[in-house]
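In what follows, a single structure is set out as structure tokens and then discussed.
Protein chains in written order, with my numbering: chain A, 92 to 838; chain B, 994 to 1152.
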């Protein structure tokens, strides 16, 4: 394993984002949410790290309650769901609750809002904390009134008891009453008695968002606020060799040109002036470019040629069959998060304290990274989450926060708002990594799988702050921070190898994670991480095996499953779709089915769908989708449906349209024309989501459950329509058209 | 100086004539509805109505607006008293992050003022210039249909 080339590149100060750390094993192993992988205290959810009840819930003398969460609203509806959980267990009406989200000055540290963990981590913590607060209030009422606890009941913010006894929460609470650590167990409300949870409570944030209320960090206007823009290098690691900023500094309305090495920014009173100054400055800067990107047309080969750190993540029986029925290489390109609003942040240096309003997914990790970047003590940096456009993983949010802080430091006393431009977001955000998965499988004479091997190649899916070197500004400044070491997220959740272990019962199976420490393109977390490609690979293979064995693909899956919850979602989706009695599709039509349990730990999701393909153009329309999900105890059924519907449509876009484009030096897909995503004309015509009820079971995240199965179901439907197995993503019109033209050999 | 109406109120704008309308709305006029999405007329997040027609405010210089009538999301209603399209989006919970929704609502408004009973194809075509990344499309289409019913008075009230 030699990495001398990229190490030299880094030592030269070029190839800035190509990493050269040679670590043994998974030395930097951590979790995707940043939480400890091993419990500290044995307390439920995030109470384990932050046990004090009043860190989560405070009750005011007027009987209203404020709930604190370290998680952030990303458009997934977490604000409403967490309020529902708190209201249910506190026995307080929603109207008397307020929620404070991720703020290093005020809320618990819950790491990153990621990995579909928010309801599981924060929801569990708030639910248990609320239940314990309610019991403490009952105990306090019993003590004051001199009655038995058993005679008291909490209802609508009041503890009620015999002989008209009524003590409000506001009367009972005192400064110290809730300043206690949580107990390991709580008296939780029986799901049969729910009045707020498991109800489709309307999202509390939607009215402002549809009427022009101040809803996003982009909408904040602070007194004295000025506008910043950044000039980014033309390619990774480019060196600024000459710049005469004089003409820009002389522009009316320009307050400052900020330069620190290759980090370039402008600050102006008005936003449009800042944009014009940015454009002018960009024309004045001369760069030396050194980046060497892979050949886009041969990306899979380039990835597989990189040095690897191999981990066997599954090894049972004798997976080395003498011959395999199938041996397929599945590949995906780099994918853009594609946030509709480019990243934005506001920073304000007042005295020796820096405030940053940011749509980061992790205020505490970003705070630490900024403290490092600015050489400030962490307690002097405060990061406050303010919503941005949906991010679906790590987009430019953290980098924009760093950019704003760099500019604010150069203009103390004035809040500086930095808004990235579209082309900056598309060129500089950390992409969802390009990947390769090879699946080999053998069928026995009875039509059951006898051997299975899965190999997956991927760079890190976890390059979030912490280390300052994760931030673009920290890499560009005159004294750059070293690139952050690549993190190989360990199993069971995994990173590139997420969902590479099939949930199917396979007597002889091996899965190997070929982790790529180098990063040809900047990458980090994007919804479902490696799960999307691994599920695409596994479920495409299952479908193909079923065809080879002459079996129905749904029955073939059921035959290889023992997990009853998996079987339940598959049966539900198949029955509601009418899979068994599906009519023969018209010409160009096809059916597809796929299933996965996200991470093999979170929500179960099965999808059946029908497509119509125009053979002449390769244009595919999804005419009908039926999804069944099991997310454990549901907090908000409409919220779950919204997330699953969204996952289905987003994965339709990834699968049919998307791939980051680049030449040997630069990212070239820097707008929506070069990086097309799904538009309305191609939206699935009917989407139905059925929730399999699991009252009382632990919460399972829903935000990333549908993407893998949706991509695979599309591939399987194209196979059904064309007779061809497509394994190279995206399954775009050109590839589909060719598949439809080829004589179908296997149908 | 350019003079036009914004949500019915006459405004005289000091910004340079080549300033895109989006920055005047968000800056000088402090209106949040129109969003910056691409600055290229590709995504629709900045959509407003000019004389009833949807336009990309990010690529429309204010000099073109002399004497015209601009309507933004704020002109359709408020959180307390949402207009029929806004109310339909709330009723259908047709938002995830919501960043694109202002543009969607403006396009839907323009469509429904022109065609009170659009079919699916007309709705999809009207919304085609607007991108949504959360995948809320199915709900957005439902919301437009609901708004059409409400505006036609076929539905007693929108929740």
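Beta carbons are placed, not taken as given, at the ideal position from N, Cα and C, and that holds for glycine.
Residue 435 of chain A is a Cβ neighbour of residue 309 of chain A, given a cutoff of 8 angstroms.
Put simply, the CB of residue 772 of chain A is near chain B, with a gap under 8 angstroms to one of its CB atoms. Boundaries of the beta strand (DSSP E) around residue 701 of chain A: 695 to 705.
Neighbours of residue 165 of chain A in chain B, taken as residues whose beta carbon is under 8 angstroms from its own, are 1090 in chain order. Per DSSP, the continuous beta strand (DSSP E) segment holding residue 1047 of chain B begins and ends at 1046 to 1049. For the options A:734, A:797, A:675, A:577, the alpha carbon positioned closest to that of residue 686 of chain A is the one of A:797.
At a beta-carbon threshold of 8 angstroms, the residues of chain B lying near residue 312 of chain A are 1023, ordered along the chain. Judged by beta-carbon spacing, residue 623 of chain A lies within the 8 angstroms limit of residue 799 of chain A, meaning their Cβ atoms are closer than that value. Under the three-state reduction of DSSP, residue 552 of chain A is assigned to coil, being neither helix nor strand.
Taking the CA atoms as reference points, residue 641 of chain A sits about 34 angstroms from residue 549 of chain A. Contact between residue 542 of chain A and residue 647 of chain A fails: their C-beta atoms lie close to 16 angstroms from each other, not under 8 angstroms. For the alpha helix (DSSP H) assignment, the uninterrupted runs of no fewer than 4 residues enclosed by the segment 157 to 203 of chain A are, from N- to C-terminal side, 169 to 181.
Between residue 451 of chain A and residue 488 of chain A, the CB-CB gap stays under 8 angstroms. Using beta-carbon distances, residue 422 of chain A does not count as an interface residue toward chain B, since no partner is under 8 angstroms.
Distance from the CA atom of residue 504 of chain A to the CA atom of residue 146 of chain A, rounded to whole angstroms, is 31 angstroms. Of all residues in the segment 286 to 303 of chain A, only 291, 293, 294, 296, 297, 298, 299, 300, 301, 302, 303 come within less than 9 angstroms of chain B when Cβ atoms are compared, listed by chain position. Each of A:125, A:576, A:531, A:171 was checked against the Cα of residue 591 of chain A, and the nearest Cα belongs to A:531.
As summarised for the segment 474 to 538 of chain A, the continuous beta strand (DSSP E) elements at least 3 residues long and confined to that stretch are 507 to 510, 526 to 534, given in chain order. The way I'd put it, the segment 168 to 176 of chain A does touch the segment 714 to 733 of chain A; three or more beta-carbon pairs between them come closer than 8 angstroms. Interface criterion not met: the Cβ of residue 1059 of chain B is under 8 angstroms from no Cβ in chain A.
Residue state for residue 448 of chain A is assigned as strand, using DSSP reduced to three classes.
Where residue 351 of chain A is concerned, the enclosing beta strand (DSSP E) starts and stops at 345 to 351. For residue 811 of chain A, the enclosing alpha helix (DSSP H) begins and ends at 798 to 813. Where residue 682 of chain A is concerned, there is no enclosing alpha helix (DSSP H), although the beta strand (DSSP E) around it starts and stops at 680 to 688. Residue 138 of chain A counts as buried, since at least 16 other C-beta atoms from the protein chains shown sit within 10 angstroms of its C-beta. Between residue 804 of chain A and residue 614 of chain A a beta carbon distance of about 26 angstroms is seen, past the 8 angstroms cut, so the two are scored as non-contacting.
By the Cβ test, the segment 415 to 429 of chain A is not in contact with the segment 462 to 477 of chain A, since fewer than three Cβ pairs between them sit closer than 8 angstroms.
Not one beta carbon of chain A lies nearer than 8 angstroms to the beta carbon of residue 1141 of chain B. Taking a C-beta cut-off of 9 angstroms against chain B, the contacting residues of the segment 749 to 765 of chain A are 762, 763, 764, listed in chain order. Here residue 435 of chain A is bridged, per DSSP, to A:510.
Cβ contact annotation for residue 155 of chain A (same chain, cutoff 6 angstroms, sequence separation greater than five): 187, in chain order. For residue 401 of chain A, the enclosing beta strand (DSSP E) begins and ends at 400 to 407.
The residues 207, 618, 619, 689, in chain order, have a CB closer than 6 angstroms to that of residue 795 of chain A in the same chain once the five nearest residues on each side in sequence are set aside. At a Cβ-Cβ threshold of 8 angstroms, residue 126 of chain A and residue 214 of chain A do not count as neighbours. Taking 8 angstroms as the CB threshold, residue 1083 of chain B lines the interface with chain A. Contact check for residue 384 of chain A against residue 752 of chain A fails: the beta carbons are separated by 8 angstroms or more.
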